[in-house]
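A short write-up of the structure that comes next.
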Amino acid sequence: MTENVIEMLAGIKKLPEEMQQVLKLAACIGNSFDLGTLAVISEKSPEKVAANLREAVSQDFVISTSSSTAYKFVHDRIQQAAYFLIPETQTKAIHWKIGQLLLHTPKEAQEDKIFEIVNQLNQGIELSEYQQDLPSAAVRYANANAPYIDQSQRDELAKLNLIAAKKAKSSTAYEQAFRFLKLALYLLGIDCWQRQYKLTL
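Here the numbering used here is used: the sequence shown runs in plain steps of one and ends on residue 615.
As structure tokens, this is what we get:
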């Protein structure tokens with residue numbers, strides 16, 4: 415952790431608890447975020463969240479961007495500092511919740527958000543393979559705090575990773591495409607040829 419991040423951590427810790435919570439959840443969404451998503455995740459009214467964001471803007475933690483409901487962190491280090499304040503026991507559940515929320519994006523808009531959706535869900539289950547490129551046989555969940563997902567959910571997430579891989583490949587992001595594909599195969603499981611033959615192909 416750099417000295418700058420430590421200083422920013424100290425600054426965020428001085429904020430009211432409710433405002434800290436808003437910034438921490440926003441940090442899970444990403445460098446840029448919108449009021450609607452943040453309100454749903456925080457389980458607070460948009461008005462309440464907007465009030466906290468106005469205060470965060472006034473203190474130069476975030477800025478309002480293209481519209482009155484779109485925001486971004488002033489600096490990546492601020493987002494990083496806010497993220498560090500989240501207990502490790504909570505981060506995966508938050509990412510999974512964000513991913514599930516984004517998954518309800520209208521079908522016609524999902525393609526534009528596919529990387530965002532898949533990355534949140536992948537961080538939610540946090541497979542060690544996704545982080546460390548271990549052989550499939552050595553893959554295990556990173557820790558017990560990752561949300562449990564059944565095989566049908568794993569299959570659906572595998573499909574989303576396949577869609578993301580195809581989009582990454584079309585943009586010549588081959589390394590990223592490979593990572594999505596490898597995770598998709600792991601999610602399908604060792605019996606994928608019997609259960610999901612077409613998808614595995």
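The C-beta atom is built at its ideal place from N, Cα and C for all residues, glycine as well.
* Bridge partner(s) assigned by DSSP for Val532 -> Here residue 532 corresponds to residue number 118 of the sequence shown, with the count starting at 1. Checking the DSSP bridge columns, you'll see Val532 has no partner listed.
* Could you give the uninterrupted runs of the alpha helix (DSSP H) lying entirely in the segment 441-472, keeping only those of 4 residues or more? -> 449-456, 460-472
* Asked: Which residue from Glu522, Pro520, Ile539 puts its Cα closest to that of Lys511?
  -> The residue labelled residue 511 in the question sits at position 97 within the sequence shown. Ranking Glu522, Pro520, Ile539 by Cα distance to Lys511 puts Ile539 first.
* **Length of the line joining the Cα atoms of Glu421 and Ser480** => The count along the sequence shown starts at 1 and reaches residue 421 at position 7. The count along the sequence shown starts at 1 and reaches residue 480 at position 66. Roughly 29 Å separates the two Cα atoms.
* Asked: Can you tell me whether DSSP reads Phe487 as helix, strand or coil?
  -> Counting from 1 along the sequence shown, the entry for residue 487 is found at position 73. The three-state secondary structure of Phe487, taken from DSSP, is strand.
* Report the option in Phe475, Lys581, Leu597, Thr586 whose CA atom is closest to the CA atom of Leu496. => In the sequence shown, counting from the first residue as 1, residue 496 sits at position 82. According to the sequence as given, residue 496 is Ala; it is not Leu. Ala496 has its Cα closest to that of Phe475, out of Phe475, Lys581, Leu597, Thr586.
* Who are the Cβ neighbours of Met433 in its own chain at under 8 Å, not counting the five residues just before and after it? -> Locating residue 433 in the sequence shown gives position 19, where the first residue counts as 1. Correct list, in chain order: Asn466, Glu469, Ala470.
* Asked: Bridge partners of Val476, per DSSP?
  -> In the sequence shown, residue 476 corresponds to position 62, counting from 1. Val476 pairs with Phe487.
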